[in-house]
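Numbering (the numbering used here), first residue to last: 3 to 95. Note that CB positions come from ideal geometry on N, CA and C, so glycine has one too.
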Amino acid sequence: MTIKAIYENGVFRPLQLVQLPEKQEVTVTIDGHRAESSDSGDQVLFALTPERWQSFCDALDTVPREIPALRKLLMEKSLFDGNPSSSAKSNPA
Numbered sequence: 003m004t005i006k007a008i009y010e011n012g013v014f015r016p017l018q019l020v021q022l023p024e025k026q027e028v029t030v031t032i033d034g035h036r037a038e039s040s041d042s043g044d045q046v047l048f049a050l051t052p053e054r055w056q057s058f059c060d061a062l063d064t065v066p067r068e069i070p071a072l073r074k075l076l077m078e079k080s081l082f083d084g085n086p087s088s089s090a091k092s093n094p095a
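Quick look at the structure:
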C-alpha cells in the first residue's frame, strides 16, 4: 500500500483514508525531496500492479524490431561527426 502523508508536529497524517486496525505497526519509507538537496534531480515514482509490472517486464524482454529508417539515421554521419557535406549545407560559402 502506498499513501501520501503530511508530517506535522512530529506525526505523519495520511492524506487519504487508510483501512488499518488501530495501533497497527507499519513501516514508513520517506521518498520526498529535501529542499536543501540540489543534486537530487527530477525523480518520478510510479507504482504498478503485479500484473502491469509483469507486462512491463515482458515488453522489455521482447526482441527489438528492425526499423530501417531509424538504422539509417543512426548510421549516417552528421555535422557533429565532422561530415563535410553536412557542414557545407548549414554554412554556405
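8 Å Cβ shell around residue i - same chain, five flanking residues per side excluded
i     : result
Ala49 : Thr4
First and last residue of the uninterrupted beta strand (DSSP E) at residue i
i     : result
Leu14 : In the sequence under discussion, the amino acid at residue 14 is Phe, which differs from the Leu named in the question. That run of the beta strand (DSSP E) goes Val13 to Pro16.
Residue range of the unbroken alpha helix (DSSP H) whose run includes residue i
i     : result
Glu10 : No alpha helix (DSSP H) holds Glu10; the beta strand (DSSP E) holding it covers Ala7 to Glu10.
Arg67 : Where Arg67 is concerned, there is no enclosing alpha helix (DSSP H), given that its DSSP letter is neither H nor E.
Pro52 : Pro52 to Asp63
Close-in-space but distant-in-sequence residues of the same chain around residue i (CB under 7 Å, 5 per side omitted)
i     : result
Ala7  : Phe14, Arg15, Pro16 and Leu17
Val30 : Phe14
Val20 : Ile5
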